[in-house]
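Chemist: Structure incoming, see below.
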Amino acid sequence: RENLLEVKNLKTYYPVKGGFLRRTVGNVKAVDDISFDIKAGETLGLVGESGCGKSTTGRTIIRLLKATGGQVLFEGKDITKLRGKSLQSIRQDIQMVFQDPYASLNPMQMVGDIVSEPILNYKSVNKNDLKNEVMDLLNRVGLPEDAYYKYAHEFSGGQRQRIGIARALALRPKLIIADEPVSALDVSVQSQVLNLLKELQDEFDLTFLFIAHDLSVVKHMSDRIGVMYLGSMAEIADRSSIYSEPLHPYTKALISAIPMPDPRRKSKRIVLQGDVPSPLNPPSGCPFHPRCPEARPECSAVKPALKEVKPGHQVACHLY
Ligand code: SF4
Ligand code: MG
Numbered sequence: 009r010e011n012l013l014e015v016k017n018l019k020t021y022y023p024v025k026g027g028f029l030r031r032t033v034g035n036v037k038a039v040d041d042i043s044f045d046i047k048a049g050e051t052l053g054l055v056g057e058s059g060c061g062k063s064t065t066g067r068t069i070i071r072l073l074k075a076t077g078g079q080v081l082f083e084g085k086d087i088t089k090l091r092g093k094s095l096q097s098i099r100q101d102i103q104m105v106f107q108d109p110y111a112s113l114n115p116m117q118m119v120g121d122i123v124s125e126p127i128l129n130y131k132s133v134n135k136n137d138l139k140n141e142v143m144d145l146l147n148r149v150g151l152p153e154d155a156y157y158k159y160a161h162e163f164s165g166g167q168r169q170r171i172g173i174a175r176a177l178a179l180r181p182k183l184i185i186a187d188e189p190v191s192a193l194d195v196s197v198q199s200q201v202l203n204l205l206k207e208l209q210d211e212f213d214l215t216f217l218f219i220a221h222d223l224s225v226v227k228h229m230s231d232r233i234g235v236m237y238l239g240s241m242a243e244i245a246d247r248s249s250i251y252s253e254p255l256h257p258y259t260k261a262l263i264s265a266i267p268m269p270d271p272r273r274k275s276k277r278i279v280l281q282g283d284v285p286s287p288l289n290p291p292s293g294c295p296f297h298p299r300c301p302e303a304r305p306e307c308s309a310v311k312p313a314l315k316e317v318k319p320g321h322q323v324a325c326h327l328y
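Structure (structure tokens):
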């Protein structure tokens with residue numbers, strides 16, 4: 009399969025203002041030189057604690073944020089600098105499902121209008137076709153028939169996320185960036201929404217960048233998984249390698265924190281010391297070194313590059 013998306017050395021920095029003149033006094037390196045690919049039809053899970061840059065990565069790809077450096081190749085074309093018409097066409101191919109369906113949908117807007125909006129913005133269709141298409145989408149994501157004429161606030165969190173998914177599908181995108189699409193939902197409805205996304209992936213030939221804050225949610229969704237820490241990519245591998253032979257000490261700690269039903273499991277939980285450092289003042293060398301149980305002297309001096317240590321398994325760590 010071919011790469012649909014190639015992210016190369018992507019950087020997204022935010023200026024930090026200070027003093028009474030609100031001058032820029034520094035940069036938060038929210039995403040600091042990360043690279044990864046996603047093949048057509050694949051799901052790449054992107055995992056890390058809050059503030060690690062995973063949402064910023066998704067928002068930079070979809071152009072809600074401006075890249076500070078690097079490239080985002082979509083079907084081979086760098087989309088970080090597109091403007092006007094060519095940007096419009098990319099906006100149809102890449103859609104986003106947001107974390108909080110309460111915040112991302114206008115509660116006073118009619119569901120039919122919410123889902124029609126992207127189509128009206130990008131295509132010319134007649135009223136009847138549009139209505140039929142939106143009805144089909146609502147039906148396909150499992151909403152009741154009369155949903156079209158109701159308001160977003162009349163629905164539960166899980167149903168609102170279905171509305172958000174219908175809206176994301178409306179333009180028949182190729183890539184969907186799902187930013188923690190179930191973390192605001194009750195545990196009882198999370199798996200229903202995840203299953204829906206999987207079904208839709210097959211039916212609509214979708215490729216997913218699936219963002220999550222822990223490894224348990226992405227387990228059932230991802231073909232490959234990337235683990236981010238403080239703006240950097242720590243490790244990328246296929247799903248089974250990440251769970252059965254994690255290499256990066258941070259990934260090992262995340263794996264050890266997943267509750268396991270098997271009491272015979274041998275590995276102990278690795279409890280990390282300290283908090284994630286501020287991205288405003290990141291550590292020297294390996295960003296993980298202040299918390300790493302395996303850190304050695306060179307770790308605080310030299311930042312390890314992400315390199316392939318086994319076929320398809322990349323890690324950024326001096327141990328390898
Ligand atoms: Fe730990 Fe050093 Fe590897 Fe960083 S480079 S993860 S500090 S061992
Ligand atoms: Mg986030």
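Just so you know, the sequence shown maps onto residues 9 to 328 in the UniProt record's numbering.
The beta-carbon is built from N, C-alpha and C at its ideal position, and this holds for glycine as well.
Specify whether the stretch 235 to 250 and the stretch 70 to 83 touch according to this definition: at least 3 beta carbon pairs, one from each stretch, less than 8 angstroms apart.
Modeler: No, they do not touch.
Chemist: Go to E316, then tell me how far its beta strand (DSSP E) extends in each direction, as first and last residue.
Modeler: By 1-based counting over the sequence shown, the position of residue 316 is 308. Note, E316: beta strand (DSSP E), 315 to 318.
Chemist: Counting along the chain, where does the beta strand (DSSP E) carrying E243 start and finish?
Modeler: Position 235 of the sequence shown, counted from the start, is the residue given in the question as residue 243. Element bounds for E243: 240 to 246.
Chemist: Do N17 and D45 have their C-beta atoms within less than 8 angstroms of each other?
Modeler: Looking up residue 17 in the sequence shown gives position 9. Looking up residue 45 in the sequence shown gives position 37. Not a contact, by the Cβ cut-off of 8 angstroms.
Chemist: State the DSSP-derived secondary structure class of F44, mapped to helix, strand or coil.
Modeler: Numbered from 1 along the sequence shown, position 36 holds the residue referred to as residue 44. It is a strand residue.
Chemist: Using a Cβ-Cβ cutoff of less than 7 angstroms, which residues in the same chain neighbour residue 3 once the five nearest sequence positions on both sides are dropped?
Modeler: It is not possible to answer for residue 3, since the shown part of the chain is limited to 9 through 328.
Chemist: Hey, how far is the Cα of D108 from the Cα of L193?
Modeler: Within the sequence shown, residue 108 is the residue found at index 100, counting from 1. Within the sequence shown, residue 193 is the residue found at index 185, counting from 1. D108 and L193: Cα-Cα distance of roughly 8 angstroms.
Chemist: Three Cβ pairs or more, each shorter than 8 angstroms: is that satisfied between the stretch 213 to 221 and the stretch 49 to 59?
Modeler: The answer is yes - the stretch 49 to 59 touches the stretch 213 to 221, with three or more Cβ pairs under 8 angstroms.
Chemist: Quick check: residue 8 and L223, are their CB atoms within less than 8 angstroms of each other?
Modeler: Because the chain in this structure spans residues 9 to 328, residue 8 falls outside the shown range and cannot be described.
Chemist: Counting only the same chain and skipping the five closest in sequence on each side, list residues whose C-beta sits under 6 angstroms from that of A242.
Modeler: Within the sequence shown, numbered from 1, the residue matching residue 242 stands at position 234. If we look at A242 and ignore the five residues flanking it on each side, its Cβ neighbours are V235, H256, Y258, A324.
Chemist: When burial is assigned at 16 or more other CB atoms within 10 Å of the CB, is P305 buried or exposed?
Modeler: Numbered from 1 along the sequence shown, position 297 holds the residue referred to as residue 305. Exposed is the call here.
Chemist: Going by the beta-carbon positions, is the gap between V105 and P23 smaller than 8 angstroms?
Modeler: Within the sequence shown, the letter at position 97 stands for residue 105. Within the sequence shown, the letter at position 15 stands for residue 23. Taking 8 angstroms as the Cβ cut-off, V105 and P23 do not qualify as a contacting pair.
Chemist: Kindly indicate which three-state DSSP category Y328 falls into: helix, strand or coil?
Modeler: To locate residue 328, count along the sequence shown from 1; it is residue 320. Reduced to three states, the DSSP call for Y328 is coil.
Chemist: Quick check: I122 and I42, are their CB atoms within less than 8 angstroms of each other?
Modeler: For the purposes of this step, residue 122 is taken as residue 114 along the sequence shown, with counting starting at 1. For the purposes of this step, residue 42 is taken as residue 34 along the sequence shown, with counting starting at 1. Against a cut-off of 8 angstroms, the Cβ pair of I42 and I122 comes out as no contact.
Chemist: Below 8 angstroms, can you find three or more Cβ-Cβ pairs linking the stretch 147 to 161 to the stretch 116 to 134?
Modeler: Result yes; three or more Cβ-Cβ pairs closer than 8 angstroms.
Chemist: Taking the beta carbon of Q96 as the centre, do at least 16 other beta carbons fall within 10 Å, making it buried, or is it exposed?
Modeler: On the sequence shown, residue 96 is found 88 positions in, with the first residue counted as 1. Per the 10 Å Cβ criterion, exposed.
Chemist: Is the beta carbon of A38 sitting closer than 8 angstroms to the one on P285?
Modeler: As a position in the sequence shown, residue 38 is number 30, starting the count at 1. As a position in the sequence shown, residue 285 is number 277, starting the count at 1. Result no, Cβ atoms of A38 and P285 do not sit closer than 8 angstroms.
Chemist: Is G150 closer than 8 angstroms to L204 when the C-beta atoms are compared?
Modeler: Looking up residue 204 in the sequence shown gives position 196. Looking up residue 150 in the sequence shown gives position 142. In this structure, G150 lies closer than 8 angstroms to L204 by Cβ.
Chemist: Does DSSP put L280 in a helix, in a strand, or in coil?
Modeler: Working through the sequence shown from its first residue, we reach residue 280 at position 272. Note: L280 maps to coil in three-state DSSP.
Chemist: Report all residues from its chain with a CB closer than 7 angstroms to the CB of G59; omit the five preceding and five following residues, and keep chain order.
Modeler: Working through the sequence shown from its first residue, we reach residue 59 at position 51. Cβ within range, chain order: V284, P287.
Chemist: Closer than 7 angstroms: is that where the CB of L280 sits relative to any heavy atom of ligand 1?
Modeler: Here residue 280 refers to the residue found at position 272 when the sequence shown is read from its first residue. No, ligand 1 has no heavy atom inside 7 angstroms of this Cβ.
Chemist: With a threshold of 7 angstroms, establish whether the CB of H297 neighbours any heavy atom of ligand 1.
Modeler: The count along the sequence shown starts at 1 and reaches residue 297 at position 289. H297: yes, Cβ under 7 angstroms from ligand 1.
Chemist: Rounded to a whole number of angstroms, what is the C-alpha to C-alpha distance between A176 and L113?
Modeler: Position 168 of the sequence shown, counting from 1, holds the residue named residue 176. Position 105 of the sequence shown, counting from 1, holds the residue named residue 113. Cα to Cα, A176 sits roughly 12 angstroms from L113.
Chemist: Would you mind sorting S196 into buried or exposed? The rule is 16 or more other CB atoms within 10 Å of its CB.
Modeler: Residue numbering aside, residue 196 sits at position 188 when the sequence shown is read from its first letter. With fewer than 16 other Cβ atoms within 10 Å, it is exposed.
Chemist: For P298, count neighbouring Cβ atoms within 10 angstroms of its own Cβ and tell me buried if that reaches 16, exposed if not.
Modeler: Within the sequence shown, the letter at position 290 stands for residue 298. So P298 ends up on the buried side.
Chemist: Comparing alpha-carbon positions, which option in S63, L179, N134, L238 lies nearest R99?
Modeler: Residue numbering aside, residue 99 sits at position 91 when the sequence shown is read from its first letter. If we check each option's Cα against that of R99, L179 comes out closest.
Chemist: Do Y237 and P295 have their C-beta atoms closer together than 8 angstroms?
Modeler: Position 229 of the sequence shown, counting from 1, holds the residue named residue 237. Position 287 of the sequence shown, counting from 1, holds the residue named residue 295. Result yes, Cβ atoms of Y237 and P295 sit closer than 8 angstroms.
Chemist: Smallest Cα separation from R9: which of G34, K47, D210, F163?
Modeler: For the purposes of this step, residue 9 is taken as residue 1 along the sequence shown, with counting starting at 1. Comparing Cα-Cα distances from R9 to each of G34, K47, D210, F163, the minimum goes to K47.
Chemist: Who does G77 pair with in a DSSP beta bridge?
Modeler: Looking up residue 77 in the sequence shown gives position 69. In DSSP, G77 forms a bridge with K19.
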